[in-house]
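Q: I'd like to ask you about the structure that follows.
Protein chains: 2
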Amino acid sequence: MFDPSIDYGLLPSLTGYALRRASILDFSGFGESVGDRGITPLRYSMLELVGANPGLSQVELAEIMGLSRPAATLMIDFWQARECIARHANEADRRSYGIHLTDAGRQALATLQQLVREHDSRLTSSLSGDELRQLRLLLDRLNHPASRRPRTKN
Amino acid sequence: MFDPSIDYGLLPSLTGYALRRASILDFSGFGESVGDRGITPLRYSMLELVGANPGLSQVELAEIMGLSRPAATLMIDFWQARECIARHANEADRRSYGIHLTDAGRQALATLQQLVREHDSRLTSSLSGDELRQLRLLLDRLNHPASRRPRTKN
DNA sequence: CATTTTAGTTATTGTCAATAACAGTTATAA
DNA sequence: TTATAACTGTTATTGACAATAACTAAAATG
Numbered sequence: 001m002f003d004p005s006i007d008y009g010l011l012p013s014l015t016g017y018a019l020r021r022a023s024i025l026d027f028s029g030f031g032e033s034v035g036d037r038g039i040t041p042l043r044y045s046m047l048e049l050v051g052a053n054p055g056l057s058q059v060e061l062a063e064i065m066g067l068s069r070p071a072a073t074l075m076i077d078f079w080q081a082r083e084c085i086a087r088h089a090n091e092a093d094r095r096s097y098g099i100h101l102t103d104a105g106r107q108a109l110a111t112l113q114q115l116v117r118e119h120d121s122r123l124t125s126s127l128s129g130d131e132l133r134q135l136r137l138l139l140d141r142l143n144h145p146a147s148r149r150p151r152t153k154n
Numbered sequence: 001m002f003d004p005s006i007d008y009g010l011l012p013s014l015t016g017y018a019l020r021r022a023s024i025l026d027f028s029g030f031g032e033s034v035g036d037r038g039i040t041p042l043r044y045s046m047l048e049l050v051g052a053n054p055g056l057s058q059v060e061l062a063e064i065m066g067l068s069r070p071a072a073t074l075m076i077d078f079w080q081a082r083e084c085i086a087r088h089a090n091e092a093d094r095r096s097y098g099i100h101l102t103d104a105g106r107q108a109l110a111t112l113q114q115l116v117r118e119h120d121s122r123l124t125s126s127l128s129g130d131e132l133r134q135l136r137l138l139l140d141r142l143n144h145p146a147s148r149r150p151r152t153k154n
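In order, the protein sequences belong to chains X and W.
In terms of UniProt numbering, the first sequence opens at residue 1 and continues consecutively.
In terms of UniProt numbering, the second sequence opens at residue 1 and continues consecutively.
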């Protein structure tokens, strides 16, 4: 995908470009790593979130994942069709459902977690342990910029 | 977008997840940074590549960018409609076109480069110069894994 | 109660990319 | 030559996805 006879101009100097390429690299191998079945990183992350936070409503789940409510409905449908997620009636408010893993969903998640861990290890296999920790630290700094205003002498 | 009352399970331990979030963060601000007009990172990168490598054919451009030929046609149409890219007839092979920037395209690219540089700086503004260099180094290692097989004692 | 708000679904639309089919041109080879 | 194959670019078709709006049912408000 990288052609040494081509001039990439400004692109190699942009962090955003490097991030995008790494993200695509991760994404492109993901399906194969988890045995496909239409499982994308985003869909996997829904299973992960439902597993760790059982009983969320669909709106809550949508908000956390940055999805619109219709998109959440569809993704929940996806997992429900595979019998991994169930909508539980909420007796206190009959408009909403509590979203839960089924037994099959718990098992699917456990398997997926192992496959995803291995996938992630392959992605970063060219880095040493120290380098990986450093990379994670820096990415987290990008994702959660701590101080809006740089600390002054104070 | 990050809710401290939620358990994200395995996700925070995955480098792929951090990369995806950073990439989305970059992407989501990009349009505004460049004054929109439908300009996405990918479309910008086509302008950059055409500027640095004038005369490429559409198949060459598609290959470099990882696009299908129809997708390249559409994206070239996009820039041609904005009078930034021109298809030059190729006298040696009348099937193909040489893709070039127009004068307006060169000017648009120069403006875009400045805006994109500023956008990229904002993205990484929470890092020091050393940290940024380190991040770029590590990302490049992910994107271009140097040695398939770790060096043994030699 | 009547009205408004909320949860979830369905319908509609638009974007985007992939595949296949197509037209025109060039290369190959009988 | 001439016919066959391969290649460049476009168009048509399809499918995945997400966004918006419209809709139903069920609270909440007053």
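Note that the Cβ used here is the ideal one computed from N, Cα and C, for glycine as well.
All of these numbers come straight from a predicted model, not from anything done at the bench.
Is any beta-carbon of chain X found at less than 8 Å from that of arginine 69 of chain W?
A: no
Q: Less than 7 Å between C-beta atoms, sequence neighbours within five positions excluded: which residues of the same chain meet that for serine 13 of chain X?
A: none
Q: Take methionine 65 of chain X as the anchor and find which of W:Leu11, W:Leu109, W:Leu115, W:Leu74 has the nearest alpha-carbon.
A: Shortest Cα-Cα distance from methionine 65 of chain X to any of W:Leu11, W:Leu109, W:Leu115, W:Leu74 involves W:Leu11.
Q: Would alanine 146 of chain X pass as an interface residue toward chain W - the criterion being a Cβ-Cβ separation below 8 Å?
A: yes
Q: On the three-state DSSP scale, how would you describe arginine 87 of chain X?
A: strand
Q: Can you tell me the Cα-Cα spacing of arginine 149 of chain X and leucine 137 of chain W, whole angstroms?
A: Confidence at arginine 149 of chain X is low in this model, with a pLDDT of 41, below 50, so its placement is unreliable and the value that follows should be read with caution. Between the alpha carbons of arginine 149 of chain X and leucine 137 of chain W lies a distance of about 26 Å.
Q: Nearest CA to the CA of aspartate 36 of chain W: which residue from W:Leu115, W:Ser128, W:Ser125, W:Leu139?
A: W:Leu115
Q: State the start and end residues of the unbroken beta strand (DSSP E) segment that holds tyrosine 97 of chain W.
A: Where tyrosine 97 of chain W is concerned, the enclosing beta strand (DSSP E) starts and stops at 97-101.
Q: Using a cut-off of 7 Å between C-beta atoms, extract the partners of asparagine 90 of chain X located in chain W.
A: Contact note: asparagine 90 of chain X does not reach chain W at a C-beta cutoff of 7 Å; the least C-beta distance is about 19 Å.
Q: Just the C-alpha distance for alanine 52 of chain X and isoleucine 85 of chain X, rounded to the nearest angstrom, thanks.
A: 13 Å
Q: Nearest by alpha-carbon distance to leucine 135 of chain X: which of W:Ile76, W:Phe2, W:Tyr17 is it?
A: W:Tyr17
Q: If distances are taken between C-alpha atoms only, which option among X:His144, X:Leu61, X:Glu48, X:Ser57 comes closest to residue 173 of chain X?
A: The structure shown does not extend to residue 173 of chain X, since chain X spans only 1 to 154, so no value can be given for it.
Q: In this structure, how does DSSP classify leucine 127 of chain X when only helix, strand and coil are distinguished?
A: coil
Q: Count the other C-beta atoms from every protein chain shown that fall within 10 angstroms of the C-beta of leucine 49 of chain X, then say buried if there are 16 or more, exposed otherwise.
A: buried
Q: Output the distance between the C-alpha atoms of asparagine 143 of chain W and alanine 89 of chain X, rounded to the nearest integer angstrom.
A: 46 Å
Q: Taking the alpha carbon of glycine 9 of chain W as the reference point, which residue from X:Leu19, X:Ala71, X:Ile24, X:Pro54 has its own alpha carbon closest?
A: X:Pro54
Q: Going by other Cβ atoms of all chains shown within 10 Å of its Cβ, with 16 needed for buried, is leucine 112 of chain W buried or exposed?
A: buried
Q: Look up leucine 11 of chain X in the DSSP assignment and say whether it is helix, strand or coil.
A: helix
Q: Under 8 Å between beta-carbons, which chain W residues line up against serine 126 of chain X? List them in chain order, please.
A: By Cβ distance, chain W contributes Arg141, Leu142, Pro145, Ala146, Ser147.
Q: Answer yes or no: does any C-beta atom of chain W fall closer than 8 Å to that of tyrosine 97 of chain X?
A: no
Q: Using a Cβ cut-off of 8 Å, pull out every chain X residue sitting near glutamine 107 of chain W, in sequence order please.
A: Chain X residues near glutamine 107 of chain W: none, gap ~15 Å exceeds 8 Å.
Q: What's the gap between the Cα of aspartate 140 of chain X and the Cα of leucine 123 of chain W?
A: 12 Å
Q: Counting only Cβ pairs nearer than 7 Å, list the residues of chain X close to serine 23 of chain W.
A: Those within 7 Å of serine 23 of chain W in chain X are Leu19, Arg20, Ser23.
Q: Ends of the alpha helix (DSSP H) at leucine 74 of chain W?
A: Counting along the chain, the alpha helix (DSSP H) containing leucine 74 of chain W begins and ends at 69-81.
Q: Where does valine 59 of chain W land, buried or exposed, given buried means 16+ other C-beta within 10 angstroms?
A: exposed
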